Amino acid sequence: MNPQSISTLFDDNAMRAMGPLFALTLGALVLLLVGVIPVLHAARHLVVAATLIAAMLLQIGLVNDPVTEVVIAGTYAADRTSALWGVLFCVATLLSWLFSLHYYSEDRPFQLEHDFLMLITPIGMMLMAGAQDLMVFFVGLEVLSIPLYALAAFRRNRARSIEAGLKYFLLGAFAAAFFLYGAALVYAASGSVSFAELRLADRTAPMFVAGVALIMASVFFKISVFPFHLWVPDVYEGSPTPVTALMATGTKAAAFAFLLNAAFLVPASQAGMIVAVALITMAIGNLGALMQNDVKRMLAYSGIAHAGTILLVIAGYMSGELLRDAALDAALFYMGAYVFTAAGAFGLLAVLERSGDGSTTLESLKGLSTRRPALAAAMTLFLLSLGGIPATGGFLGKWFVFSVSYRSGFVVATVIAALLSVVGMAYYLRVVVAMYMQPQSKLLGEPVEPHPGSNVPMALATAVCAVFVLAMGMLPGYFLDQLR
Amino acid sequence: MTSLTWLTFLPLVGALAVLLTPSTAVQLQRMIALSTTLAVAVLGFLIYRQFDAALLDPQNVVSIPWFQLEGGPAIHFKLGVDGLSILMVALTALLMPIVILSTWGHVDKRVKEFMVWMLVMETGMLGVFLALDLVLFYFFWEISLIPLYFLVGIWGGERRLYATVKFFLYTLAGSLVMLVAVIAMLYRFGTADIGALTQQAGALAVADQSWLFAAFALAFAIKVPMMPFHTWLADAHTEAPTSGSVVLAGVLLKLGTYGLLRFCIAMFPGAAVEWAWLFMGIGAIGIVYGAFLAMAQNDLKRLVACSSVSHLGYVILGMFALTSAGLQGGMLQMINHGLSTGMLFLLVGMIYERRHTRALDEFGGIASSMPLFAVFLVIAVLSSAALPGLNGFIGEYLILKGAFDVSPALAVIGVLGVIFGSIYLLVATRKVLFGPLTRRENRELSDLDLREVSLLLPIVVFIVWIGVAPTPFLAQSQPAIDRVVRRCSEARALKFASLSPQRPGETAALSSQAPIR
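Chains A and B are the protein sequences, given in the same order.
Read left to right, the first sequence gives residues 1 to 484 (the numbering used here).
Read left to right, the second sequence gives residues 485 to 1001 (the numbering used here).
This is the structure we're talking about:
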């Protein structure tokens, strides 16, 4: 490629669109550098925080003044929607990172590598959300996934963590292969991998349909939708909890962002099938969670159920031009609320793992409200938001999703989804019951605080999550205005 | 900030104030809660005084734009009081200070949390009654579940966990079906304003109305609770702390009957006319069934809980007669039930605090050791059994009159309920108060103290007042009820017109009056 074409590719707009990506890459490299110079060691947390905040501010700048054209030869878009997703990715990473700061004990010496890997993940997410080309999406997917494989196995002394990493890696590799195979078939059928050209192409050829099916299988794997959800409980449970938080919020949001962009690939007549998949996913997630005694595993299943809920929006998005905007709003609002809620919930589990007997079973949560009232109250708030009780962002998110699914004509499905969320509430209540209504279990050892004062970043992250969950629940107007 | 916003959110402010106190300052927390609820009671009284029943439109309206979803109607934060809600608001404002005062005796652990939840509950309940925006209504409706869940779950009796989770999931299931109906209404009519929706929904074809009616009715029927859904009530009541039971019986159950009136009947008169027979039937069965259940109980609190099922059967029977007398009777009976059943729960709580049992056969003859208690219990029982001169009589008379005009057979069943009601109430009273004083523990019981008397007295005042001079209370809701009755008669006229095909000209004329969307 000659220099001339590179300069036309990376014109001003492209530079602006890629700004957050550059900021993150630069920050990650600086972090590595700071790591090897002992004098600068103290500054590493500052570098991570500054990088993520800078990327977020750049994304907010793009929200207010989006790049209208698709840049870099029509492969990457920084429109308002993908910039909004970008803000969400930065928030998810920042929250997970804050919760990870005092999480590791035996692997603390490797915190630098951990933070570096975490800083890389939002780059992948942004590429996925902004991709206007199957190959760019694939690059994003891998940039996101490879650090996550390592992060999932980060607690090397724990067999479960290694198992989680290996499982995630093997299945993720399969999913990636599915995607490539699908993209190859699509290319073979239409001669292009660019969305702009695929929109014009004949999308009914059997080879094309088969390719799209493979691509969807791969994306469904990432968002943990039936029948590609089986890895979720093991991986979520085994991974270090802050990494679980990142997977549950960031990865899922990125895959959904792509799914909304790529929904045109799926014939609109298949919306019914998507709804069916959504309902089965919700049923499996909610019923599975009902059986769990470990809260972390319970939240993993609840994550499956939430993926099912948001899939209803995708179906609505597919079913008509009329609902596009409403569906997009609903998806962004729902995922926004979910990022704060799930990050908060998993983060608090991370806090719990660092104190007491280090487990997150219902048994060990008994009597938490008297031991740590603020933590129990925050956890309750997040659980109520996950369950969709008013005054929390989770309720309005659910409301918007149901509105879209009702308007797209799936009335019965909406009623079933509503009833399935009652099942959801049943297991969230089990946690609240344990925290507030049952006395502390005698088996539990004396609660230990690992480091005095070490909870400051966690408390900060929890407070941010709680404030946003409540604000999104009570003043949704402000957030909805941002979406337009 | 108008007074209604203050009225609704003052308890929340109080709750925040309680939150800020140190958890050991129990007296301070109690005083904050009591003074907050008293302030709400004063505000409620002022609003009650200002209220002009002749104006049909909601009064003291506050309306602030809240949010709007793409392609959906604008949602407002809209509160207002009208003839259907004024009595409910007054009842809530009156009962809450009494409830708070009653907790002095039985809540001594985790007082701070208790007061917070009580105050949050008051905000939720007032919000439900005052909301004039469908979304806001739903918002408060579901929020009001949370406090009771904690109140029963933390301060309840032995099987409290089972009871509270059952209560929560039962009501939530109903609510979520209603949520879908709410969404349907919003997008069908393009507005969330309850007044506008009431205007427009009545014009829907009866078949369309019936679906929405059914979804709303399910949520309300579970809350009331109506007959097949009543099982959560006995558990929740039995396990709840006294104050929780009083709020539950006094106000929370009224959310269901109030919802039936404002939404199912006023909003969907066509469907209400169509399905009135079903609801009247269930109401009548509920009266007798609840009475039989009550007769079989040995636990005093469970007995009162079962009598609730019976009393709420009257409310349903009266309201779905869809006549002026029936609806007014139902309305008044909601207040009566709040007062008399609330008082019964308070009394049961007082004796439980002294004896730590509620089993009927543990008592006997305590009228001699607790004469004041005996007087109050007899008043409450007679009010509950509808003795003329007390409030219950007025309500049940109006209900039975309304029902008789529509279906004499059901009215007869209702009258049987009155008889059964007297049986179980008087038998229980005899077992507790009279007969030989056999047990030593009962001989040493101390009578009611000043606090207990002072929280019962206001209820007694209203029991007698409504019984002797019900007109001022009925007048508050009469014009609003008349309008509902008018709507229902129009719907009924339409129904019978369409049922008589031999007069096609009239049918066409009538149906052309109603724009069908």
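Ideal Cβ positions, reconstructed from N, Cα and C, are used throughout, including at glycine.
Owing to the predicted nature of the structure, the values given are computational and were not obtained by experimental measurement.
- When the five nearest sequence neighbours on each side are left out, the beta carbons in the same chain lying within less than 6 angstroms of the beta carbon of VAL34 of chain A are those of LEU40, ALA43, ARG44, VAL47, in order along the chain.
- No Cβ of chain B is located within less than 8 angstroms of the beta carbon of ILE314 of chain A.
- At least one CB of chain A lies nearer than 8 angstroms to the CB of GLU626 of chain B.
- The beta carbon of SER441 of chain A lies closer than 6 angstroms to those of GLU363, LYS366 in the same chain, with the five residues before and after it left out.
- Distance check between ALA175 of chain A and each of A:VAL433, A:ALA255, A:GLY344, A:ALA466 places A:ALA255 closest, using alpha-carbon atoms only.
- In this structure, the beta-carbon distance from ALA378 of chain A to THR244 of chain A does not fall below 8 angstroms.
- When 9 angstroms is used as the limit between beta carbons, ALA615 of chain B is near no residue of chain A, the shortest such separation being about 12 angstroms.
- Only those residues of the segment 546–574 of chain B whose C-beta falls short of 9 angstroms from the nearest C-beta of chain A are listed: PRO549, TRP550, PHE551, GLN552, LEU553, GLU554, GLY555, GLY556, ILE559.
- Assignment of PRO549 of chain B by DSSP, reduced to helix, strand and coil, places it in the strand class.
- Remark: three or more beta-carbon pairs, one from each stretch, lie closer than 8 angstroms, so the segment 224–239 of chain A and the segment 284–301 of chain A are flagged as touching.
- Among the residues facing chain B, ASP325 of chain A is included, as its CB has a counterpart in that chain under 8 angstroms away.
- The beta carbon of THR913 of chain B lies closer than 6 angstroms to those of VAL865 in the same chain, with the five residues before and after it left out.
- The beta carbon of PHE220 of chain A sits closer than 7 angstroms to those of PHE228, all from its chain and outside the five residues before and after it, given in chain order.
- Taking a 10 Å sphere around the C-beta of THR414 of chain A, we find 16 or more other C-beta atoms and assign the residue as buried.
- With respect to chain B, the C-beta atom of PHE179 of chain A has no partner C-beta closer than 8 angstroms.
- If you draw a straight line from the Cα of TYR149 of chain A to the Cα of SER369 of chain A, it is about 35 angstroms long.
- Of the residues B:SER586, B:ILE850, B:ASN875, B:THR655, the one whose Cα lies closest to the Cα of PRO709 of chain B is B:THR655.
- ARG786 of chain B and GLY528 of chain B have their C-alpha atoms some 32 angstroms from each other.
- Cβ-Cβ distances below 7 angstroms link VAL948 of chain B to LEU874 in the same chain, with the five nearest sequence neighbours on each side left out; the list follows chain order.
- Here ARG842 of chain B has ASP783, LEU784, LYS785, VAL832, TYR836 as same chain residues with Cβ atoms under 7 angstroms from its own Cβ, once five neighbours each way along the sequence are excluded.
- In this structure, LEU806 of chain B places its C-beta atom within 8 angstroms of the C-beta atom of ILE749 of chain B.
- If you draw a straight line from the Cα of ILE416 of chain A to the Cα of ILE584 of chain B, it is about 40 angstroms long.
- Of all residues in the segment 454–468 of chain A, none comes within less than 8 angstroms of chain B when Cβ atoms are compared.
- Look at the segment 689–721 of chain B and you find these whole runs of alpha helix (DSSP H), each 4 residues long or longer: 690–707.
- Along the length of the segment 554–631 of chain B, whole alpha helix (DSSP H) runs at least 4 residues long occupy 570–590, 595–614, 618–627, reported in chain order.
- If you look at LYS366 of chain A, you'll find it isn't in any alpha helix (DSSP H); DSSP assigns it neither H nor E.
- Shown here, SER194 of chain A sits in a strand according to DSSP, grouped into three states.
- For ASP933 of chain B, the closest alpha carbon among the candidates B:VAL757, B:MET854, B:ILE903 is that of B:MET854.
- Bounds of any alpha helix (DSSP H) do not take in GLY734 of chain B, whose DSSP letter is neither H nor E.
- Using beta-carbon distances, THR251 of chain A does not count as an interface residue toward chain B, since no partner is under 8 angstroms.
- Restricting attention to A:TYR428, A:LEU483, A:MET126, the CA atom closest to the CA of MET291 of chain A is found in A:TYR428.
- Neighbourhood of VAL649 of chain B in chain A, by CB distance below 9 angstroms: ALA426, LEU429, ARG430, VAL433, in chain order.
- Counting the other Cβ atoms within 10 Å of the Cβ of VAL412 of chain A gives fewer than 16, which makes it exposed.
- In this structure, the straight-line span from the alpha carbon of LEU762 of chain B to that of ALA895 of chain B is close to 14 angstroms.
- In this structure, the CA atom of VAL788 of chain B is about 16 angstroms from the CA atom of MET711 of chain B.
- Non-local C-beta neighbours of ALA703 of chain B in its own chain, meaning closer than 6 angstroms and more than five positions away in sequence, comprise GLY658, SER659, MET662, ordered along the chain.
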